[in-house]
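Asks: Numbered according to our numbering, the sequence shown terminates at residue 1063, and the numbering increases by one at each position without gaps.
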Amino acid sequence: MKKYIFMAVAGMLALSSCSNDDNEQTTQNAPRQMTFTAGFGDGATTRATLSDNSVTFNAGDGISILSAKNTNKDFYTTEGGASATFTGEATDDSKFYAVYPYRYGLELSGTTISGVMIPSSQSYAASSPCGWDPAAPIAYATTTGTSLQFKNACALLKINNDRGDADMIEISCSDGALTGTFSLDTSSGALSGIGTFPFASVVGVPSGKKIYIAIAPGTKTGFRALWEDEENYVMKQKASVTFEAGKIYDLGSTSKW
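1. Under three-state DSSP, which class holds Ser-870?
2. Cα-Cα, which of Asn-876, Thr-891, Thr-884, Thr-883 is closest to Asp-898?
3. Taking the alpha-carbon positions, what's the Pro-907 to Ala-942 distance?
4. By the DSSP assignment, the beta strand (DSSP E) with Arg-969 in it spans what residues?
5. To the nearest angstrom, report how far apart Leu-1032 and Asn-1038 are at their CA atoms.
6. Given this structure, state the Cα-to-Cα distance separating Ser-998 from Ala-947, to the nearest angstrom.
7. Measure the Cβ-Cβ separation of Phe-842 and Leu-990 and say whether it is below 8 Å.
8. In whole angstroms, give me the CA-to-CA distance for Gly-1001 and Gly-986.
9. Quick check on this structure: which residue in Arg-838, Ala-874, Thr-893 has the alpha carbon closest to the alpha carbon of Ala-844?
10. Helix, strand or coil: how does DSSP classify Ser-927 here?
11. Count the other CB atoms within 10 Å of the CB of Ala-945; is the residue buried (16 or more) or exposed (fewer)?
12. Going by CA-CA distance only, name the one from Ser-993, Ala-1020, Asp-981 that's closest to Asp-1056.
13. Ala-896 bridges to which residues according to DSSP?
14. Answer with buried or exposed for Leu-819, where buried requires no fewer than 16 other C-beta atoms within 10 angstroms of its C-beta.
15. Can we say the region 963–973 touches the region 909–927, given the rule of at least three CB pairs closer than 8 Å?
16. By the DSSP assignment, the beta strand (DSSP E) with Tyr-1018 in it spans what residues?
17. Please classify Ser-934 as buried or exposed, where buried requires at least 16 other C-beta atoms within 10 Å of its C-beta.
18. Could you tell me the alpha carbon to alpha carbon distance between Phe-846 and Ala-1045, rounded to whole angstroms?
19. Give the C-beta separation of Thr-1048 and Cys-979 to the nearest angstrom, bearing in mind that I take them to be a contact with Cβ-Cβ under 8 Å.
20. Is it buried or exposed for Lys-1016, if we count other Cβ within 10 angstroms and need 16 for buried?
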């Protein structure tokens, strides 16, 4: 009889141990509020607010956080500046991957993030000192802690529109992707095309304003910049040109094209 009582008690202890292990595992996988501190570690120029003298995050900016345990979590900041803290909910993990700005539908496979996008139609933002579209560039970071040092995956084309109000300013090439949906290799920063386009455009650019257009880096052949209104157009052309990530390329004033 004592033998059976001992076996019953041992079984209850074993079940209790399993239950505790399950609870501990559930707790480890449960999302909790986390804060990441973010900045740009490569002397980057393509952040949320971009002007000739100021490059900063804006209050309300969002980033995507991904990991083996986290599927594209959205984190936001309530402050601005050269560095900012982003808060959201995620599950603890050994390594995190981040993309700026936040975008729905990103997926992580190994060290590659798919679904990042450089829009082919970019907006002129009148509230920005340079007409900068904060949704246009891509920046990325990885961390084994909570400190993120972003690097840029895009190049920027700077244009001074001094010819007159433009219905459209368009950048295009005959060979090479400029915009579209890409996969981002976080180990190298390389972008590979999923659905890409050989052009980028900004509409309604006022006279006397500067703009910056984000494009994918690389060598582009048959490169062309076009300024157009209802009656006229002018172009700037080059047979071949190479753009590097994290750099600004000054295409000059439209009156000189």
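Where is the CB? At the ideal position from N, CA and C, for every residue including glycine.
Replies: Taking the structure as given:
1. Three-state DSSP puts Ser-870 in a strand.
2. For the residues Asn-876, Thr-891, Thr-884, Thr-883, the minimum Cα distance to Asp-898 belongs to Asn-876.
3. Distance between the alpha carbons of Pro-907 and Ala-942 is about 8 Å.
4. DSSP places Arg-969 in no beta strand (DSSP E); its state is neither H nor E.
5. For Leu-1032 and Asn-1038, the distance between alpha carbons rounds to 10 Å.
6. Near 17 Å, if we compare the C-alpha coordinates of Ala-947 and Ser-998.
7. No, the Cβ-Cβ distance between Phe-842 and Leu-990 is not below 8 Å.
8. For Gly-1001 and Gly-986, the gap between their C-alpha atoms comes out near 6 Å.
9. Here the closest residue by C-alpha is Thr-893.
10. Per DSSP, reduced to three states, the secondary structure at Ser-927 is strand.
11. Residue environment for Ala-945: buried (at least 16 other C-beta atoms within 10 angstroms of its C-beta).
12. Asp-1056 has its Cα closest to that of Ala-1020, out of Ser-993, Ala-1020, Asp-981.
13. Looking at the DSSP assignment, Ala-896 forms a beta bridge with Arg-838.
14. Residue placement at Leu-819 is poorly supported in this model, since its pLDDT is 47, which falls under 50; the coordinates are not used for a value here.
15. Touching, no, given that fewer than three Cβ pairs across the two stretches are closer than 8 Å.
16. Its beta strand (DSSP E) spans residues 1015–1021.
17. Per the 10 Å Cβ criterion, buried.
18. Answer to the nearest angstrom: the Cα atoms are 33 Å apart.
19. In this structure Thr-1048 does not touch Cys-979 by the C-beta definition: roughly 12 Å separates them, more than the 8 Å allowed.
20. It is buried - the Cβ of Lys-1016 has at least 16 other Cβ atoms within 10 Å.
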